[in-house]
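Visitor: Using the numbering used here, you'd call the opening residue of the sequence shown number 5 and step up by one each time.
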Amino acid sequence: MRGWRDERGQALALVLILSTVLFIAGTAAVAAALQQNRLVTLEEAREKAYYIAEAGVEKVLTQFRQSNKPYPLGLPASGTYYQNTPFGGGKIEEVEVKIKKEKRDPNDPRSAEGIFAYIDSTGVYPENPRPGQAQARHTVKAKVELLPDPFLSYGGPGVKSDRSVAMKGAITVTRGSFLARQGDITVGPWGIPGAGIQDFTGGIYAGGNVVLSAGLTTGSGEIKAGKDVDLTGLTRLGSLCTWKGDIYAGGKVKLPYWSSWLGLIDPQRIHENCQSIPGFPLPSFPQVGKGTVWYSQVEQEARSRGYYFNSALDWFKDPQKGIKWDYSVIEVPDPLTGGAVVTVWVNGAELDLTDPNHNSFLAVVNGPLDFNQAFKAAYDAWKQDVINFYQSKYKGKATVTFVEFLGQPLAVLQVKSSQPATIVADSITLDCGIVNLFGVKVDTHAVKNDFGLFAVNRDIKYTSDVALGGHLSALATGSFTFKCTGIDTTDLDWVAAKGPVTIEGIINVNYARASIPPATPMGGYRLDSWEVK
5 MRGWRDERGQ ALALVLILST VLFIAGTAAV AAALQQNRLV TLEEAREKAY
55 YIAEAGVEKV LTQFRQSNKP YPLGLPASGT YYQNTPFGGG KIEEVEVKIK
105 KEKRDPNDPR SAEGIFAYID STGVYPENPR PGQAQARHTV KAKVELLPDP
155 FLSYGGPGVK SDRSVAMKGA ITVTRGSFLA RQGDITVGPW GIPGAGIQDF
205 TGGIYAGGNV VLSAGLTTGS GEIKAGKDVD LTGLTRLGSL CTWKGDIYAG
255 GKVKLPYWSS WLGLIDPQRI HENCQSIPGF PLPSFPQVGK GTVWYSQVEQ
305 EARSRGYYFN SALDWFKDPQ KGIKWDYSVI EVPDPLTGGA VVTVWVNGAE
355 LDLTDPNHNS FLAVVNGPLD FNQAFKAAYD AWKQDVINFY QSKYKGKATV
405 TFVEFLGQPL AVLQVKSSQP ATIVADSITL DCGIVNLFGV KVDTHAVKND
455 FGLFAVNRDI KYTSDVALGG HLSALATGSF TFKCTGIDTT DLDWVAAKGP
505 VTIEGIINVN YARASIPPAT PMGGYRLDSW EVK
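1) Residues in its own chain within less than 6 Å of Tyr122 by CB, not counting five upstream and five downstream?
2) Taking all protein chains shown into account, do 16 or more other C-beta atoms lie within 10 angstroms of the C-beta of Pro287, making it buried, or fewer, making it exposed?
3) If you follow the alpha helix (DSSP H) that Arg309 is in, where does it begin and where does it stop?
4) Going by C-alpha distance, which of Pro161, Gly509, Ser181, Gly237 is nearest Pro521?
5) When the Cβ atoms of the region 159-177 are set against those of the region 91-109, are three or more pairs found closer than 8 Å?
6) If Asp188 sits next to Ser168, beta carbons under 8 Å apart, how far is it from one beta carbon to the other, in whole angstroms?
7) If you drop the 5 nearest sequence neighbours on each side, which residues of the same chain put their C-beta closer than 7 Å to that of Pro525?
8) Hey, would you say Pro424 sits closer than 7 Å to Asn461, going by beta carbons?
9) Might you give, ordered along the chain, the residues of its own chain that have their beta carbon closer than 6 Å to the beta carbon of Leu216, omitting 5 neighbours on each side?
10) How many Å lie between Ala516 and Asn132 at the Cα?
11) Which runs of the beta strand (DSSP E), 3 residues or longer, sit entirely within the region 377-418?
12) Between Ala210 and Gly230, which are expected to be in contact by the criterion C-beta below 8 Å, what is the C-beta distance as a whole number of angstroms?
13) Note the first and the last residue of the continuous alpha helix (DSSP H) segment covering Lys321.
14) Along the alpha helix (DSSP H) that carries Pro154, what are the first and last residues, could you check?
15) Once you ignore the five residues that flank Ile56 on each side, which residues in its own chain have a CB closer than 8 Å to its CB?
16) Three-state secondary structure (DSSP) at Ala81?
17) My assumption, with CB atoms under 8 Å, is that Leu476 sits in contact with Thr494. Please give the rounded CB distance.
18) Residues in the same chain with beta-carbon distance under 7 Å from Thr341, minus the five sequence neighbours each way, listed in chain order, please.
19) Across which residues does DSSP place Thr246 in a beta bridge pair?
20) List the residues that DSSP assigns as beta-bridge partners of Leu476.
21) To the nearest angstrom, report how far apart Val505 and Ala218 are at their CA atoms.
22) Which residues in the same chain have their Cβ closer than 6 Å to the Cβ of Ser308, if we skip the five residues on either side of it in sequence?
23) Between which two residues does the beta strand (DSSP E) harbouring Ile269 extend?
24) State the Cα-Cα distance for the pair Gly326 and Asp374, rounded to the nearest angstrom.
25) Decide if Gln418 is buried, meaning its Cβ has at least 16 other Cβ atoms within 10 Å, or exposed.
26) Quickly, what does DSSP pair Glu335 with across the bridge? List them, please.
27) Just confirm the distance between the C-beta atoms of Asp532 and Phe120, as a whole number of angstroms; I'd bet it's less than 8 Å.
28) Which of helix, strand or coil does DSSP assign to Leu65?
29) I need the straight-line Cα distance from Thr89 to Tyr529, nearest angstrom please.
30) Do Gly207 and Gly225 have their CB atoms nearer than 7 Å?
31) Quick check on DSSP: helix, strand or coil for Arg185?
32) Quickly, what does DSSP pair Lys102 with across the bridge? List them, please.
33) By how many angstroms is the C-alpha of Pro282 removed from the C-alpha of Val416?
34) Grouping DSSP H, G and I as helix and E and B as strand, with all else coil, what is Arg50?
35) Just how far apart, CA to CA, sit Val346 and Ser300?
The following block contains the structure:
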């Protein structure tokens, strides 16, 4: 009996030991499972907190992108937004925005100031954690450059059309672009040495064909065409035509016969018969015509400044804001008749695009603006006012003679500005050619800042013998035609038209030096840096 009892006691001890071991092992397994679940839950929370923080940045950019407001009204204000805003089971704790102006290229002494948004967005998940549930927090720090409308800023500054772009001349492009959303881009030969695209870095984007045939064409940017890319016109063997960038075509890429064996175009960078092209479809022309929200805001701003005019003649005749006449008068009274001989020496005329109450100039003309015709009409009206004054003074017995614009072969209106300036009208015609009887000068000595010409109903036509001193931007709901026959370089920043664009001259496009003139529609942006904390 005693032996049996000893065996029963040993069995009981063994059961207790095994139970204890199993209990400990089970407890450890449960604890490990709970720990693993906690780790998984925390990792998921961190991931969701990041996406919520990212959404806070996107909310700020979406609001800016959809505003389509004129510069500088379209810029977001510095401040704190979306505080404790529920989102996706968590919350956007806050989004802090700081707007700063900085040089785009600190190493370039001529670099323009870009507009940068520093956005710090913090996301939290979950919003209200349960007892024991992990809560995570992530902050995204983004630096974003705010740019004009996505159509204008696609690929950087440059020349854009909803239809087609045709260019002739010597063209230098640094981080800029050409764009024709529905049609072709052609760059053809010009009658001076060195004509063609030189040192092109950026992009050429066409919904139709891209045809480059200028004698000198060098670049390392990308070319994308919905149809064909035709480079067969680059046939001058001694002109050192090279293209080192990627070429995408919905159709064929046609090359000069010598390009491959000279290594001037890399066959490995050619992509033909593309079913889809990166970056396509291209953006649409912005809503900037009369009756749009953008135009209403521009008109309201011009009215508040006192620079809204019912016609070009009303503007040019305005005694305070219109043309200033430089003249002198010699009066020779006749005591016998009570009359006088009056000689008016006209030395010049000036239109100053300067607003003394603001740091930029904005004028809106409700109708077409032809500088030359309006200048002549204003001159005739001013002469009649002078005649009426002296006829009244001498009771109708004055003989008034005008000696016009001494020292100048033509009657010349000098347009000048000491500020960034934009003129908005239905259509704009500016002919600075010397063959005109009533000429207009917009040259390097007079305009040294950003100069914007915006046509909200029809075309822009700009003809000149000399380059503009500042940077030209243009926006036309019709076509845009630019022709400069001189040997100076014209800097083009943001040029866009709903109709065809035709350009002839010596042109420079440079991202680092491109400025934004007043009233430019905003809404584009470029990510500069992205950091997660």
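Backbone N, C-alpha and C define an ideal beta-carbon position, used for all residues, glycine too.
Guide: Straight from the coordinates:
1) Same-chain partners within the cutoff: Lys102, Lys147.
2) Here Pro287 is buried, its C-beta having at least 16 other C-beta atoms within 10 Å.
3) Per DSSP, Arg309 belongs to the alpha helix (DSSP H) from 297-309.
4) Ranking the options by Cα distance to Pro521, first place goes to Pro161.
5) Verdict: no, contact absent.
6) The beta-carbon distance between Asp188 and Ser168, rounded to whole angstroms, is 5 Å. This is short enough to meet the 8 Å contact definition.
7) The residues Asn72, Pro74, Pro152, Asp153, Pro290, Val292, Trp298, in chain order, have a CB closer than 7 Å to that of Pro525 in the same chain once the five nearest residues on each side in sequence are set aside.
8) Not a contact, by the Cβ cut-off of 7 Å.
9) The answer, listed in chain order, is Val191, Leu235.
10) Straight-line spacing of the CA atoms in Ala516 and Asn132 works out to 47 Å.
11) Along the length of the region 377-418, whole beta strand (DSSP E) runs at least 3 residues long occupy 402-408, reported in chain order.
12) Ala210 to Gly230, Cβ: 7 Å. Contact.
13) Residues 316-321.
14) Pro154 -> alpha helix (DSSP H) spans 154-157.
15) Its chain contains Phe91, Gly92, Gly94, Lys95, Ile96, Gly127, Val128, Tyr129, His142 as the residues whose beta carbon lies nearer than 8 Å to that of Ile56, once the 5 sequence neighbours on both sides are disregarded; these appear in chain order.
16) Reduced to three states, the DSSP call for Ala81 is coil.
17) That pair is a contact at about 6 Å.
18) If we look at Thr341 and ignore the five residues flanking it on each side, its Cβ neighbours are Lys401.
19) According to DSSP, Thr246 bridges with Thr222.
20) Answer is Phe455, Leu496, bridged to Leu476.
21) The C-alpha of Val505 lies about 18 Å from the C-alpha of Ala218.
22) Here the set comprises nothing.
23) From DSSP, Ile269 is part of no beta strand (DSSP E); its letter is neither H nor E.
24) A straight-line Cα-Cα distance of about 15 Å links Gly326 and Asp374.
25) Counting Cβ neighbours within 10 Å, Gln418 comes out buried, since at least 16 surround it.
26) Paired residues: Val346.
27) Their Cβ separation, rounded to whole angstroms, is 7 Å, which keeps Asp532 and Phe120 in contact under 8 Å.
28) Reduced to three states, the DSSP call for Leu65 is helix.
29) One C-alpha to the other measures close to 24 Å.
30) Cβ distance < 7 Å, so Gly207 and Gly225 count as in contact.
31) Coil, per DSSP.
32) DSSP lists Tyr122 as partners of Lys102.
33) Pairing Val416 with Pro282, the inter-Cα distance amounts to about 50 Å.
34) Correct three-state label for Arg50: helix.
35) When rounded, the distance between both Cα atoms is 48 Å.
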